[in-house]
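Chemist: Before we start, here is the structure in question, set down as structure tokens.
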DNA sequence: TCTCCCATGACAAAACCATGACGTTTGGCG
DNA sequence: CGCCAAACGTCATGGTTTTGTCATGGGAGA
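Chains as they are written, first to last, in our numbering: chain A, 1 to 227; chain B, 228 to 454.
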């Protein structure tokens, strides 16, 4: 559960200062003094804090190599003493996710690391769904039916999105609770029914003649594959 | 900050491949499948990668329109399947800054984008936005509603501009803090609410019946696409 | 120093959601 | 054919979460 930060910094004073601040912010810090040492410590790291000014241009080379390795997706925060535009382009070009110019404050460092983790672990694009006249844009959180916007609540949207993502497949109420509500939800299965009713109202679906949300008696619900 | 590439490409496979390579090179990629969607995503982009072969000659028309708009200075890299001299002349004539013929290598793509950015760095026009009665000039920091000037504070302007640059899309409070306040902002998410309230007062928007700034309960806020 | 801006806590208001109750449908079985 | 029980649909409701807004004090810039 603990988040591990891999720190690659040759200068001892900076390294220890950064380590101190990051540990104080609750991270597990693995500090390395050389590029080689850092490379061998990659496994298990969640985010990398890398000194741009390692000897022999090692910083940029290290980063390029990282982006061609199996750790390519790892977020990298670069530390640099130079703040010119040239360096920025070069650094981003090499694949850094963010930048921090020395000197920096402890709070800023922690905030940037936190932001990187948010970006990497948080939201990746999920794309869009289309079933018949129903359109769902999962990234934008937008739902439309027959080209006019649907105003859905969060539960409604999540439930509809889940069912629409797997058309034709039947899900039991318990499965839906696990997947949409979350496994730690404590409550009755009939809650699902209520939200299905609401969704049907939005879609103009009749329970007896459903075009989209079909009841499978004794099993659960499913989104029809043929709208 | 991060360099944003606007990608307009209708073919999903190509779009995702290009997105992957560009993101791997450290760019923020805003991918659009249609000319219209791309047009609405122009604000804030630093460089455009445009598919020449969009349906209905949309590519060339889009580019010509761009060159007549407030985004005229934006560097544009065109992708094309045809390499004939005719196309090249036509494309450069329409205002493309550079050319790339499919299939192309990831390295070549990144290199060309980089070159374009270098060429245009120094002068970076960001253009103007218009949503309904609301007009924003990002260069001048000028805002107008119903043709009369709005006196917005810096935060208000930045927040409004960001939301207006991506109409229809929902942003969580955390995303807004990251993008508008900056990733190193340390503070509560409710701060966003306060500024939304202020903006609504400026725009005469009611929270219950918003014309512009819409609350998406449990998710965040968004600028309505249809003002 | 003096504004103006901005973040934040507190409280009120609104929306949402789970749930129980009750009516309706379905399918099995005598 | 009719009865019964289980499963499902839907309404109303109270508690809970989320959001709107006011007021306040700190702080940056003029």
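Every residue, glycine too, gets a C-beta built ideally from N, C-alpha and C.
Which of the three DSSP states, helix, strand or coil, is assigned to residue 395(B)?
Modeler: Note: residue 395(B) maps to coil in three-state DSSP.
Chemist: Could you tell me if residue 38(A) is buried or exposed, where buried requires 16 or more neighbouring beta carbons within 10 angstroms of its beta carbon?
Modeler: So residue 38(A) ends up on the buried side.
Chemist: Among residues of its own chain, excluding the 5 on either side of residue 230(A), which ones have a beta-carbon nearer than 8 angstroms to its beta-carbon?
Modeler: Since the first and last residues shown for chain A are 1 and 227, residue 230(A) lies out of range.
Chemist: If the cut-off is 9 angstroms on Cβ atoms, which residues from the region 153–171 of chain A count as contacting chain B, listed in chain order?
Modeler: Answer set for the region 153–171 of chain A: 153, 154, 155, 157.
Chemist: Can you check the region 143–168 of chain A for any beta strand (DSSP E) of at least 3 residues that lies completely inside it and give the ranges in chain order?
Modeler: The qualifying runs do not exist here; there are none.
Chemist: Using Cβ-Cβ distances below 9 angstroms, what residues of the region 273–291 of chain B are close to chain A?
Modeler: Within the region 273–291 of chain B, no residue has a Cβ that lies closer than 9 angstroms to any Cβ of chain A.
Chemist: What is the DSSP secondary structure of residue 348(B), reduced to helix, strand or coil?
Modeler: Residue placement at residue 348(B) cannot be trusted, given a pLDDT of 48 that sits under 50; what the coordinates show is reported in the next sentence. It is coil, neither helix nor strand.
Chemist: Measure from the alpha carbon of residue 365(B) to the alpha carbon of each residue in 434(B), 373(B), 356(B), then state which is nearest.
Modeler: It is 356(B).
Chemist: Return the CA-CA distance between residue 187(A) and residue 215(A), expressed in angstroms with no decimal places.
Modeler: So the two alpha carbons sit approximately 21 angstroms from each other.
Chemist: Whole angstroms is fine: what's the gap from residue 207(A)'s alpha carbon to residue 199(A)'s?
Modeler: Cα-Cα distance, rounded: 11 angstroms.
Chemist: My output table needs one value for residue 286(B): the three-state DSSP class, helix, strand or coil.
Modeler: Three-state result, residue 286(B): helix.
Chemist: Tell me which same chain residues have a C-beta within less than 6 angstroms of the C-beta of residue 285(B), skipping the five on either side of it?
Modeler: Result list for residue 285(B): 262, in chain order.
Chemist: Taking the DSSP output, what are the residues bridged to residue 130(A)?
Modeler: Paired residue(s): 135(A).
Chemist: Look at the alpha carbon of residue 438(B) and the alpha carbon of residue 448(B), and state the distance between them as a whole number of angstroms.
Modeler: Their backbone Cα atoms lie some 13 angstroms apart in a straight line.
Chemist: Within 10 angstroms of its Cβ, does residue 268(B) collect 16 or more other Cβ (buried), or is it exposed?
Modeler: Classification of residue 268(B): buried, given that the 10 Å Cβ count is 16 or more.
Chemist: Could you give the C-beta distance for residue 173(A) and residue 192(A), rounded to a whole number, given that I count them as a contact under 8 angstroms?
Modeler: Indeed they touch by this definition, with Cβ atoms about 5 angstroms apart.
Chemist: Note down, in chain order, every chain B residue with its Cβ under 8 angstroms from the Cβ of residue 115(A).
Modeler: Those within 8 angstroms of residue 115(A) in chain B are 405, 410, 411.
Chemist: For the region 242–295 of chain B, list the alpha helix (DSSP H) runs that are entirely contained and at least 4 residues long, ordered along the chain.
Modeler: Counting only runs of 4 or more, we get 262–267, 285–294.
Chemist: From the DSSP output, in three-state form, read off residue 410(B) for me.
Modeler: Here residue 410(B) sits in coil by DSSP.
Chemist: Output, in chain order, the set of chain B residues within a Cβ distance shorter than 8 angstroms of residue 72(A).
Modeler: Neighbours of residue 72(A) on chain B, chain order: 251.
Chemist: In chain order, what residues of the same chain have a beta carbon less than 6 angstroms from the beta carbon of residue 402(B), not counting five sequence neighbours either side?
Modeler: The answer is none, since no qualifying residue turns up.
Chemist: Report the three-state DSSP secondary structure of residue 173(A) (helix, strand or coil).
Modeler: In the structure shown, residue 173(A) sits in a helix (DSSP, three-state: H, G or I).
Chemist: Using a Cβ cut-off of 8 angstroms (strictly closer), state whether residue 145(A) contacts chain B.
Modeler: Answer no: the Cβ-Cβ gap between residue 145(A) and chain B never drops below 8 angstroms.
Chemist: Using CA atoms only, rank isn't needed, just tell me which of 179(A), 159(A), 133(A), 158(A) is closest to residue 203(A).
Modeler: Checked all of 179(A), 159(A), 133(A), 158(A); the closest Cα to residue 203(A) is 133(A).
Chemist: Leaving out five residues on either side along the sequence, give the residues of the same chain with a beta carbon under 6 angstroms from the beta carbon of residue 523(B).
Modeler: Since the displayed chain B opens at 228 and closes at 454, residue 523(B) lies outside it and no answer follows.
Chemist: Grab the span of the beta strand (DSSP E) containing residue 8(A) for me, first residue to last.
Modeler: Its beta strand (DSSP E) spans residues 4–8.
Chemist: Does residue 417(B) get closer than 8 angstroms to chain A when you measure Cβ to Cβ?
Modeler: With 8 angstroms as the cut-off, residue 417(B) does not count as an interface residue toward chain A.
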